[in-house]
Amino acid sequence: MQPKPIRLGTRGSPLALAQAHEVRDRLIAAWGAEALEVEIVPITTAGDRIQDRPLAEVGGKGLFTEEIEAGLLSGALDIAVHSSKDMPTRLPDGLALGHFLEREDARDAFVSLKYRSLAELPDGAVVGTASLRRAAIVRRLRPDVVVVPYRGNVQTRLRKLGEGAADATLLAVAGLKRLGMLDVASEILDIDAFPPAVGQGAIGIESRLDDPRVAELLAPIHHAPTAVALACERAYLARLDGSCRTPIAGYAVATEGGVDLHGLILTPDGSGAHEGRDSGADPEAVGDRLGARLAALAGPGFFGGS
Ligand SMILES: NCc1[nH]cc(CCC(=O)O)c1CC(=O)O
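Okay, so the sequence shown: first residue is 8 according to the working numbering, each after it adds one.
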């Protein structure tokens with residue numbers, strides 16, 4: 008089918024490369040190795056270069072995508088493979104996050120060399136995480152625990168744990184599975200008590216809107232129920248995103264006639280929270296409605312206002 012190789016852009020981290028290889032393997036399985044060549048192009052982004060500061064300080068999610076998106080827009084790349092959770096809700100004109108592999112387990116894992124579960128952590132234990140959401144939910148469930156910032160890729164975080172920088176950390180089950188490292192998880196956290204980040208566990212494929220060749224190429228590996236869930240979650244996030252830097256969790260599941268969404272927003276210290284559920288036939292409408300409802304419940308004061 009393909010006259011020339013498909014160029015697939017990705018970040019160069021071990022998790023990103025594992026995801027890129029998963030997409031390539033599925034494409035080859037669908038089309039046959041004779042019909043299709045996929046060239047994986049690792050790209051080091053600004054976000055990868057800056058390792059010593061919290062992301063929110065240096066510019067947020069876009070730092071990981073700009074260079075890759077420039078490649079899509081110039082035609083140097085045909086597709087880009089991402090962790091959907093790391094994707095901003097607004098993409099550059101002409102690009103879309105339009106295709107998704109079937110979602111992997113969306114839950115978070117509790118990882119510790121000393122303790123078997125979040126509940127078992129002793130008073131004053133140190134949990135390392137760079138995620139505002141994970142920090143706030145941990146503080147909500149365990150106000151006695153100390154949360155410290157903790158960045159780096161999955162391997163770095165595990166190494167720091169071994170060095171004693173924290174008693175425990177939290178990582179996405181999906182990432183651990185893709186790296187063949189799920190055995191480091193002590194506990195898989197309940198999806199209702201510890202809802203994930205929007206998009207967690209879903210590999211998304213970004214491409215140019217005007218590229219029918221790519222749409223045809225991706226059709227056999229696209230998972231429609233995942234796309235429905237992600238459309239809902241990303242509409243929910245878009246509704247909340249503009250207003251704040253508040254911890255946001257959201258998890259949607261496609262149903263027979265539509266989608267069910269669970270949303271949770273918290274103050275960074277976990278002392279305040281607003282939670283809700285919504286369902287309906289139109290994924291974007293459900294996401295937008297729950298986002299608006301939680302924002303209204305929270306009021307402007309909740310979002311810090313500074
Ligand atoms: N921000 C890093 C990141 N982006 C996606 C994943 C996990 C894989 C996924 O959610 O699909 C991770 C690591 C983690 O949070 O543990």
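Each residue gets a CB set at the ideal place from its N, CA and C atoms; glycine is no exception. Since we're looking at a predicted model, the values are computed, not measured.
- Taking the Cβ atoms as the reference, Thr52 lies roughly 5 Å from Glu74, within the contact range of under 8 Å.
- Counting along the chain, Ile47 sits inside the beta strand (DSSP E) bounded by residues Val45 to Ile50.
- Ala143 has its CB no nearer than 8 Å to any heavy atom of ligand 1.
- With fewer than 16 other Cβ atoms from the protein chains shown falling within 10 Å of its own Cβ, Gly101 counts as exposed.
- Ser119 has its CB no nearer than 8 Å to any heavy atom of ligand 1.
- Annotated as proximal: Ile212 and Leu104, with beta-carbon spacing under 9 Å.
- Bounds of the beta strand (DSSP E) holding Ser214 are Ile210 to Arg215.
- When Ala222, Gly54, His229 and Leu22 are compared, the shortest CA-CA separation from Met188 is found for Leu22.
- In terms of Cβ geometry, Gly16 and Val88 form a close pair [threshold 9 Å].
- For Leu120, no beta strand (DSSP E) segment is defined, and its DSSP state is neither H nor E.
- When the five nearest sequence neighbours on each side are left out, the beta carbons in the same chain lying within less than 8 Å of the beta carbon of Phe107 are those of Ser91, Ala209, Ile210, Gly211, Ile212, His229, His230, Thr233, Ala234 and Leu237, in order along the chain.
- The closest heavy atom of ligand 1 lies less than 8 Å from the beta carbon of Val161.
- If you compare the alpha carbons of Ala172, Ile13 and Ala42 with that of Val30, the shortest gap goes to Ile13.
- Cα atoms of Ala200 and Ala256: separation of roughly 11 Å, rounded to the nearest angstrom.
- Listed as beta-bridge partners of Asp115 by DSSP are Ala179.
- A Cβ-Cβ contact shorter than 9 Å links Leu34 with Val45.
- Per DSSP, the unbroken alpha helix (DSSP H) holding Leu22 starts and ends at Pro21 to Trp38.
- Nearest C-alpha to Ala42 among Leu271, Gly270, Leu224 and Phe309: Leu224.
- Counted as a single uninterrupted DSSP element, the beta strand (DSSP E) harbouring Ala280 occupies residues Ala280 to Gly287.
- Sixteen is the threshold: when 16 or more other Cβ atoms of the shown chains lie within 10 Å of the Cβ of Asp174, as they do, the residue is buried.
- Under the DSSP assignment, Val88 falls in the beta strand (DSSP E) whose first and last residues are Ile86 to Ser90.
- For Ser214, the shortest separation between its Cβ and any heavy atom of ligand 1 does not lie below 8 Å.
- The three-state reading of DSSP puts Asp197 in coil, since its state is none of H, G, I, E or B.
- Here DSSP, grouped into helix, strand and coil, assigns Arg18 to strand.
- If you draw a straight line from the Cα of Asp85 to the Cα of Ser278, it is about 45 Å long.
- Scanning Asp276, Ala288, Ala303 and Val266 for the CA closest to the CA of Glu282 turns up Ala303.
- Distance from the CA atom of Pro203 to the CA atom of Arg114, rounded to whole angstroms, is 6 Å.
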